[in-house]
Structures are given as C-alpha cells and as structure tokens.
Ligand code: SF4
C-alpha cells in the first residue's frame, strides 16, 4: 500500500463504530521521512474538525515539547492509534484499536522511522503490548522489529497534571541524547 492508497482507505473506513460520529478522519501529519514518529491516542474535538492531529491545546504543548529538543513538526511524523475521534474523548476501546491497527502498521512501514515515541499508555499498550504502562515505558529504549520504541506522557496528561512535566522533560532530553547518537554515527 502506498500513501495515496492508505489515505483513501482511511478516509472511507467503516471498520469500527468510531466512523459513525466523525467529521474527519485524522491519518497523521509531518515528515514522511522522519527518523522519529510520535504516536498519540486518537483525535480530539478540534482534530476531528480540522482533520489534523494535535491541533488543540495538547498540540500546542506538543509543539513546545518538540521545540525544547530543537525539533519541529517538520522534523517528525505525528499519528494516533485510532484515526477517528472517540466520543467524549474517551480512550479508544480495545476493539477499536485492533480495527485501526493495520493503518498504523502501514504508516510505520512507509515512514520507517528509527524511533517510535508512544505518547501515553494507550499508544504504549497498542505498540508494545497490553501490559505496558507509560510510567514504566518512559525512559526505556526498547529495540523491536528494527525500531527503537520509547515513550513519555501524553501532552493532555501534562495539561491535567503539572507535576508530570519534570519527568516529561527528562524523557525528552533522553530522546534527544539517543537521537544524537545517529548523528554521531552518520558523521563517523
Ligand atoms: Fe476505521 Fe480506524 Fe476510523 Fe475505526 S477509527 S473507522 S478502524 S479509521
């Protein structure tokens, strides 16, 4: 499947009940050759309106988080586990995640990032396994199927609880240090 086919499939997808109330599907956005791919949970109200990921308050915070490690949206690719908005911003149900998973797999294959950053527990459980928790995944760099997988708190969680920001800052610094190794290797 190429990008056109993937976009077409997602735009018309009715594989789970989240299609019933969506205004727009939200496939993802950013650099399709990115070395770092960020994966959140699902679109919120504003994302559903605009068809773009992370455009609300959480998105503005995500932009600041990226800027803190000298990155912008042009440097990374941003996607979500599910491409349609769960009603009331609830977590996507296991069957909804499962129905949408192939799209995330295809995105990942097409981008072929070096690192996948799970934003929150829903992303970690989907990408790493059902037992994963972001509190345990953050700060780790797990090599799997040719990718390095790590994680940090979802920006929406940081908006709800200021105390998590210190840990998120450490996670971002660790991600930046890890990514710097690629530069060293390519220069060497
Ligand atoms: Fe299809 Fe995913 Fe939307 Fe469900 S959430 S309808 S599987 S695109």
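Numbering (our numbering), first residue to last: 2 to 189. Glycine included, C-beta positions come from ideal geometry on N, C-alpha and C. These numbers come from a predicted model, not from an experiment.
How is the alpha helix (DSSP H) around residue i delimited, first residue to last?
i          : result
residue 69 : 58-69
residue 47 : 46-51
residue 10 : 4-12
Among the options, which residue has its Cα nearest to the Cα of residue i?
i           : options              : result
residue 181 : 160, 135, 97 and 116 : 116
residue 113 : 65, 50 and 39        : 39
residue 46  : 33, 32, 136 and 27   : 27
residue 90  : 172, 22 and 137      : 22
residue 100 : 18, 5, 183 and 185   : 18
residue 86  : 119, 43 and 2        : 43
residue 109 : 132, 73, 33 and 20   : 33
residue 96  : 183, 7, 58 and 131   : 131
residue 72  : 25, 177 and 13       : 177
residue 140 : 48, 25 and 179       : 179
Could you pull out every residue in the same chain whose Cβ sits closer than 7 Å to the Cβ of residue i, ignoring the five residues on either side in sequence?
i           : result
residue 62  : 156, 159 and 160
residue 166 : 159
residue 53  : 27 and 30
residue 20  : 14 and 85
Just checking my contact of residue i with residue j at CB under 8 Å: how many whole Å lie between their CB atoms?
i           : j           : result
residue 35  : residue 77  : 5 Å
residue 127 : residue 98  : 5 Å
residue 105 : residue 80  : 6 Å
residue 123 : residue 152 : Contact doesn't hold; Cβ gap of about 11 Å is too wide.
residue 173 : residue 70  : 5 Å
What does a CB cutoff of less than 8 Å around residue i pick up in its chain, not counting 5 residues either side in sequence?
i           : result
residue 189 : Low local confidence applies: a pLDDT of 47 at residue 189 is under 50, so the model's placement there is unreliable, with the coordinate-based value given in what follows. Answer for residue 189: no residue qualifies.
residue 170 : 69
Can you give me the start and stop residues for the beta strand (DSSP E) that residue i sits inside?
i          : result
residue 40 : 37-41
residue 30 : 29-31
Spatial neighbours of residue i within its chain, please: CB distance less than 6 Å, with the 5 preceding and 5 following residues excluded, ordered by chain position.
i           : result
residue 168 : none
Within the stretch 79-123, note down every full alpha helix (DSSP H) run reaching 4 residues or more, in order along the chain. 95-112
What are the start and end residues of each continuous beta strand (DSSP E) run of 3 or more residues lying completely inside the stretch 133-188, in chain order? 143-145 and 148-153
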